[in-house]
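J.: Numbering (my numbering), first residue to last: 3 to 246.
#1: Where does residue 96 sit, in a helix, a strand or coil, going by DSSP?
#2: Could you give the DSSP three-state label for residue 126: helix, strand or coil?
#3: Less than 9 Å separating the beta-carbons of residue 67 and residue 47?
#4: Tell me the rounded alpha-carbon separation between residue 202 and residue 209.
#5: What are the boundary residues of the alpha helix (DSSP H) that residue 177 is part of?
#6: Just verifying my parser: in three-state terms, what is the DSSP assignment at residue 91?
#7: Would you kindly check if the distance between the Cβ of residue 64 and the Cβ of residue 11 is under 9 Å?
#8: If the criterion is Cβ atoms closer than 9 Å, does the pair residue 251 and residue 154 meet it?
#9: The alpha helix (DSSP H) spanning residue 19 covers which residue range?
#10: Leaving out five residues on either side along the sequence, give the residues of the same chain with a beta carbon under 7 Å from the beta carbon of residue 111.
#11: Kindly indicate the opening and closing residues of the beta strand (DSSP E) around residue 55.
#12: Along the chain, where does the beta strand (DSSP E) containing residue 112 start, and where does it finish?
#13: Cα-Cα, which of 14, 31, 8 and 224 is closest to residue 20?
#14: Is residue 232 near the ligand HEM - that is, is its Cβ less than 8 Å away from at least one heavy atom of it?
#15: Which value, in whole angstroms, describes the spacing of the CA atoms of residue 117 and residue 159?
#16: For a test of the three-state rule: what should DSSP assign to residue 212, helix, strand or coil?
#17: For residue 141, which of helix, strand or coil comes out of DSSP?
#18: For residue 205, does the three-state DSSP call read helix, strand or coil?
#19: I need the boundaries of the beta strand (DSSP E) containing residue 65, first residue and last residue.
#20: Taking all protein chains shown into account, do 16 or more other C-beta atoms lie within 10 angstroms of the C-beta of residue 187, making it buried, or fewer, making it exposed?
#21: Looking at the secondary structure, which residues open and close the beta strand (DSSP E) in which residue 79 lies?
#22: Of all the options 183, 227 and 103, which has the alpha carbon lying nearest to the alpha carbon of residue 54?
#23: Using 9 Å as the threshold, is the C-beta distance between residue 62 and residue 99 below it?
#24: Assuming residue 58 contacts residue 97 under a Cβ cut-off of 8 Å, what Cβ separation, rounded to an integer in Å, is found between them?
#25: Report the option in 31, 72 and 30 whose CA atom is closest to the CA atom of residue 4.
Printed below as a string of structure tokens:
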């Protein structure tokens, strides 16, 4: 459950802190009193999109923080444990700059907005005219069934086993790819060996061929240089070759 909400330099609010006790809480006020600002701030803590207008006029940034008690939320606990973020409470923090950029933290660790949203859906439902509800998502249906049947430990074990299976599957795929590469390399080396056997080189013959190759390569270079020199002798209105 939500236990604390802190707002600083957000829209019209300079600073506000709200402690929420267990039980039913009602916030009342006339139209324009700022009730929706609390919901907007909470939504941003849960990963809603934002822009520069969220920052109070004259401020450099807006800071929002929501504190949750997750002792009765096994799926939220599992999310935090999986990412090594588990603590007695869950603190969601969001900072928005006047340029419209934002950064999010969960229990002091930087997270992406996608991660923040996925955790937020496990912490609270905001029932309003334009907000989504987790009841419309298929994943929440499974969670509700697990909760009713007290199957959370079994569901968590199945999730862990599935992750282990995915890792084993990836390892198998990598091993098969390595084996295929090794087989291709072996076949290439085998072809090289067959070619060498067909040549039937005698002792010292390979070194002799290398020397001949070097001589021919040097000969080709000399021919090229000679042709360039001849071209220079024949160029111009009065070529050097005619003056000799």
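Idealized CB from N, CA, C, for every residue including glycine.
What you are looking at is a predicted structure, and each value in this text was computed from that prediction instead of being measured.
T.: Checking against the coordinates, here is how it stands:
#1: Of the three classes helix, strand and coil, the one that applies to residue 96 here is strand, per DSSP.
#2: It is coil, neither helix nor strand.
#3: Going by C-beta atoms, residue 67 is nearer than 9 Å to residue 47.
#4: The C-alpha of residue 202 lies about 14 Å from the C-alpha of residue 209.
#5: Counting along the chain, the unbroken alpha helix (DSSP H) around residue 177 starts and ends at 154-201.
#6: Reduced to three states, the DSSP call for residue 91 is strand.
#7: By the CB criterion at 9 Å, residue 11 and residue 64 fall inside the cutoff.
#8: The requested residue 251 does not occur in the structure, where the chain is confined to residues 3 to 246.
#9: Element bounds for residue 19: not the alpha helix (DSSP H) but the beta strand (DSSP E), 15-21.
#10: The residues are 87.
#11: Per DSSP, residue 55 lies in no beta strand (DSSP E) and is assigned neither H nor E.
#12: For residue 112, the enclosing beta strand (DSSP E) starts and ends at 111-113.
#13: Closest in alpha carbon position to residue 20, among 14, 31, 8 and 224, is 8.
#14: This structure does not include the ligand HEM; it has no bound ligands of any sort.
#15: Their Cα atoms are separated by approximately 21 Å.
#16: Helix at residue 212.
#17: DSSP places residue 141 in the helix class (H, G or I) of the three-state scheme.
#18: DSSP places residue 205 in coil when its eight states are reduced to three.
#19: First-last of the beta strand (DSSP E) with residue 65: 63-71.
#20: Its Cβ having fewer than 16 others within 10 Å, residue 187 is exposed.
#21: Counting along the chain, residue 79 falls outside any beta strand (DSSP E), though it belongs to the alpha helix (DSSP H) covering 76-84.
#22: Looking only at 183, 227 and 103, the smallest Cα-Cα distance to residue 54 is reached by 103.
#23: One thing to note: residue 62 has its Cβ within 9 Å of the Cβ of residue 99.
#24: Between residue 58 and residue 97, the beta carbon gap of about 13 Å keeps them out of contact (Cβ cut-off 8 Å).
#25: Cα-wise, what sits closest to residue 4 is 72.
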